[in-house]
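Visitor: Everything in the sequence shown is counted per our numbering, starting at 1025 for the first residue and increasing by one.
All C-beta atoms, glycine included, are put in the ideal place defined by N, C-alpha and C.
Encoded as structure tokens, here's the structure I'll be asking about.
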Amino acid sequence: MTEILFYHLQGMSLESVLPPLLEKSLERGWRVVVQSTSPERTEALDAHLWTYSDDSFLPHATWRAGDAQDQPIILSIEEGNPNRANVRFLIDNAALPVDCNSYERVVLVFNGDDADALTAARGTWADCKARGFEVTYWQADERGRWQRRQ
């Protein structure tokens, strides 16, 4: 069964949190789709992932790439799984994909400082619980390390 993880951002940006989560996914041998809700956001993340750190490299492409099926990380605004990903990250209030069950994990990253994002995450949490998914809630501690909360 798919595990749904809710990552609650407070006082931190997606741009600071997403690259390390993607790095950990690749270290585990997973393929990833990151779904946002706009082409502009996807293009901004595409540029950011090439430049966020001088000593790191995250191989990725957007869903428009002709070789999307060969990429370990795809940035997308669409449903679908062009690279046969094990993990799907949902950002900017992207909806749960219809094919949730085809992933090992779905990671919903939401901005806890945004009331609309918080409301949307709570609704998705309730929906996931009602559908029988295993859901976990994660929040960063004072040192920025992610902790599973009850």
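Below 6 Å CB to CB, which residues in the same chain sit around Ile1028 once its five sequence neighbours on both sides are set aside?
Guide: Within the same chain, Ile1028 has close Cβ partners Val1130, Cys1152, Phe1157 and Val1159.
Visitor: For Glu1039, collect the residues of the same chain with a Cβ closer than 6 Å to its Cβ; drop the 5 residues on either side in sequence, then sort them by chain order.
Guide: The answer, listed in chain order, is His1072.
Visitor: Could I get the ranges of all uninterrupted alpha helix (DSSP H) runs contained in the stretch 1123 to 1171, with 4 residues as the minimum, in chain order?
Guide: The qualifying runs are 1139 to 1154.
Visitor: Compute the Euclidean distance between the alpha carbons of Asn1105 and Gly1035, then round it to the nearest angstrom.
Guide: So the alpha carbons of these two residues sit roughly 31 Å apart.
Visitor: When the Cα of Ser1100 is compared with those of Leu1114, Asp1094 and Thr1026, which residue comes out closest?
Guide: Nearest of Leu1114, Asp1094 and Thr1026 to Ser1100, Cα basis: Leu1114.
Visitor: With a threshold of 6 Å on Cβ separation, who are the neighbours of Arg1173 within its own chain once the five nearest residues in sequence on each side are excluded?
Guide: Excluding residues within five positions, the ones whose Cβ falls inside 6 Å are Tyr1161 and Gln1163.
Visitor: With C-beta atoms as the reference, is Ala1085 less than 8 Å away from Gln1093?
Guide: Not a contact, by the Cβ cut-off of 8 Å.
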